[in-house]
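In the working numbering, the protein residues as written are 2 to 423. Each remark here refers to the structure printed beneath this line.
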Ligand code: SR1
Ligand code: MG
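Printed below as a string of structure tokens:
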């Protein structure tokens, strides 16, 4: 059994001890500025951690604390150091995307807590998408986030010396990366006790996956990229449960899976979750077809996410050639056309990586350990299985043939085809 190192003074907090914890911290007391008793509520609904809201008559804060195990499976031990990686990720990225993440007030090494801004009236994006809320500014915000976080921590911008130092810090996020290696890149493709799927409807596809050599080679290529391609400091778990929205605002939360990895992994996670939401919509219809307008919005959003990310990333690269590669010392003005061409080739590779990773994320949410409410809330299992079948059939094609997609529109056209097939 894995041994979890626990700081001497660590204790899981509860509604009572959290008040003492806050009262012991001048910085938090000053922010909350309350004369009355705080109202504490534990609101964590993710797979891993405790999340508390502390509300006062003046100000509310949010305190996240890891447990030395996986919250949804207590006999799965898990390092408490994950909150350190989350905190470090937020510190580094706050320079460029501080307005797109919660404000951080405190990191406590003993309790492993991160105290931060309570986001209100934000809701978890995945929950909003089940209710068919159109987040019309989302593509604009998330592409700013993706382009800046990925560019500013890459070798295109950082000096190798700085990037290597960051890389060393996050290379130690071994246990969280191992979760992804197992749950995303391995278990859905083999027989594993942690897998589950909508039985018996999806039994046939599950067996096909286990016997599809091309697919298993493709997922191993992706796993190798995940293990070796240290391009940028990634969020590492950028699904729609790690994003909180209002109609106007977007905030990205929960980067405890942060590591140096392939840019396409974060982009792919996001695309996968938008696609999962798309394929789940028919299962939420009260009257057949009542989700058509919403589905159209999701596809437009997917197109916007890639196209706008590409544009923003290219602009950042062109205006900040500060890293040790493609730096301005190499090229004169006449060579700009060739350099621009090279940038576009680079982005094409990221696009194909993103589609492959998106496919892996779609398959894991249908056949692996951790599923999404998008499909899980479809109570009629036969209807859920129909949605999941379409989603996983597209994912299998995407993973094996990622390079055949010339652009994002080719993908969203395929999405429509797979969704209308019977
Ligand atoms: C045991 S953790 C299961 C999943 O929850 C997180 O959100 C990650 O996606 C992880 O793979
Ligand atoms: Mg999370």
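No residue lacks a Cβ here, since even glycine has one placed at the ideal position from N, Cα and C.
> Is residue 369 near the ligand MG, judged by its Cβ being under 7 Å from some heavy atom?
Replying inline: For this step, residue 369 is matched to residue 368 along the chain shown. Judged by the Cβ position, residue 369 fails to qualify as a neighbour of the ligand MG at the 7 Å threshold, every heavy atom of the ligand being at least this far.
>> So that I know if they touch, is there some Cβ in chain B lying closer than 8 Å to that of residue 160?
In response: Checking the listed chains, one finds no chain B in this structure; it contains a single protein chain.
> Between residue 139 and residue 246, which are expected to be in contact by the criterion C-beta below 8 Å, what is the C-beta distance as a whole number of angstroms?
Replying inline: Here residue 139 corresponds to residue number 138 of the chain shown, with the count starting at 1. Here residue 246 corresponds to residue number 245 of the chain shown, with the count starting at 1. Yes, residue 139 and residue 246 are in contact; Cβ-Cβ is about 6 Å, under 8 Å.
> Where does residue 172 sit, in a helix, a strand or coil, going by DSSP?
Replying inline: Along the chain shown, one-based indexing puts residue 172 at 171. Per DSSP, reduced to three states, the secondary structure at residue 172 is coil, with no helix or strand assignment.
>> Using the Cβ count rule (16 or more neighbours within 10 Å means buried), how would you classify residue 416?
In response: The residue given as residue 416 occupies position 415 in the chain shown. Classification of residue 416: buried, given that the 10 Å Cβ count is 16 or more.
>> Suppose the cutoff is 6 Å on Cβ atoms and the five residues either side in sequence are ignored; what does the same chain contact list for residue 324 look like?
In response: Taking the chain shown and counting its residues from 1, the one referred to as residue 324 is at position 323. Its chain contains 156, 157, 158 and 159 as the residues whose beta carbon lies nearer than 6 Å to that of residue 324, once the 5 sequence neighbours on both sides are disregarded; these appear in chain order.
> If you count every other CB in all the chains shown that lies within 10 Å of the CB of residue 4, and 16 or more means buried, which is it?
Replying inline: Your numbering for residue 4 matches position 3 in the chain shown. Looking at its Cβ environment, which holds fewer than 16 other Cβ atoms inside 10 Å, residue 4 is exposed.
> Quick one: is residue 142 buried, meaning 16 or more other Cβ sit within 10 Å of its Cβ, or exposed?
Replying inline: Counting from 1 along the chain shown, the entry for residue 142 is found at position 141. Burial call: buried.
> Buried or exposed: which applies to residue 397, given that a residue is buried once 16 or more other Cβ atoms fall within 10 Å of its Cβ?
Replying inline: Translated into positions along the chain shown, residue 397 becomes position 396. So residue 397 ends up on the buried side.
>> Do residue 151 and residue 347 count as a contact pair if the criterion is CB distance below 8 Å?
In response: Counted from its first residue, the chain shown places residue 347 at position 346. Counted from its first residue, the chain shown places residue 151 at position 150. Contact flag unset, no.
> Which whole runs of the alpha helix (DSSP H) in the stretch 260-302 are 4 residues long or more, in chain order?
Replying inline: Taking only runs of at least 4 residues, the alpha helix (DSSP H) segments lying wholly in the stretch 260-302 are 264-281.
> From this set, 403, 121, 135 and 236, which residue's C-alpha is nearest residue 349's C-alpha?
Replying inline: By 1-based counting over the chain shown, the position of residue 349 is 348. Closest by C-alpha distance to residue 349, out of 403, 121, 135 and 236, is 403.
> Would you say residue 107 and residue 10 are within 8 Å of each other, going by their C-beta atoms?
Replying inline: Here the question's residue 107 lines up with position 106 in the chain shown. Here the question's residue 10 lines up with position 9 in the chain shown. Here residue 107 is not near residue 10, since their CB atoms are 8 Å or more apart.
> Alpha carbon to alpha carbon, how far is residue 64 from residue 41?
Replying inline: The count along the chain shown starts at 1 and reaches residue 64 at position 63. The count along the chain shown starts at 1 and reaches residue 41 at position 40. Distance between residue 64 and residue 41, taken at the CA atoms: about 10 Å.
> So the alpha helix (DSSP H) residue 342 belongs to, where does it begin and stop?
Replying inline: Locating residue 342 in the chain shown gives position 341, where the first residue counts as 1. That run of the alpha helix (DSSP H) goes 337-368.
> Taking 7 Å as the cut-off, is the CB of residue 269 close to at least one heavy atom of the ligand SR1?
Replying inline: Against the chain shown, residue 269 aligns to sequence position 268. Proximity of the beta carbon of residue 269 to the ligand SR1 is not indicated: no heavy atom of the ligand is located closer than 7 Å.
>> What does the Cβ neighbour count give for residue 37, buried or exposed, with the cut at 16 atoms within 10 Å?
In response: Here residue 37 is taken as the residue at index 36 of the chain shown, counted from 1. The residue is exposed, with fewer than 16 neighbouring Cβ atoms inside 10 Å.
> Smallest Cα separation from residue 44: which of 285, 22 and 125?
Replying inline: The count along the chain shown starts at 1 and reaches residue 44 at position 43. Residue 125 is the option with its Cα nearest to residue 44.
>> At a cut-off of 7 Å, would you count residue 453 as near the ligand SR1, judging by its Cβ distance to the nearest heavy atom?
In response: Residue coverage of the chain in this structure runs from 2 to 423, which leaves residue 453 outside it and unanswerable.
> Mind checking whether the beta-carbon of residue 373 lies closer than 7 Å to any heavy atom of the ligand SR1?
Replying inline: Translated into the one-based positions of the chain shown, residue 373 becomes position 372. Incorrect: residue 373 has no Cβ contact closer than 7 Å to the ligand SR1.
> How about residue 181: is its Cβ closer than 7 Å to a heavy atom in the ligand SR1?
Replying inline: Taking the chain shown and counting its residues from 1, one reaches residue 181 at position 180. With a cutoff of 7 Å, residue 181 counts as near the ligand SR1, since its C-beta is closer than that to a heavy atom of the ligand.
>> When you measure from the CB of residue 220 to every non-hydrogen atom of the ligand SR1, does any distance come out below 7 Å?
In response: Locating residue 220 in the chain shown gives position 219, counting from the first residue. Not so, every heavy atom of the ligand SR1 lies at least 7 Å from the Cβ.
> For the ligand SR1, is there a heavy atom less than 7 Å away from the beta-carbon of residue 395?
Replying inline: Along the chain shown, one-based indexing puts residue 395 at 394. Result no, Cβ not under 7 Å from the ligand SR1.
> residue 84: beta carbon under 7 Å from a heavy atom of the ligand MG?
Replying inline: Numbered from its first residue, the chain shown carries residue 84 at position 83. Because no heavy atom of the ligand MG lies under 7 Å away, the Cβ of residue 84 does not count as near it: no.
>> Comparing C-alpha positions only, which one of 196, 46, 30 and 146 sits nearest to residue 117?
In response: Position 116 of the chain shown, counting from 1, holds the residue named residue 117. Minimum Cα distance to residue 117 is reached at 30.
> Using the beta-carbon count (16 or more within 10 Å), is residue 326 buried or exposed?
Replying inline: The residue given as residue 326 occupies position 325 in the chain shown. Burial call: exposed.
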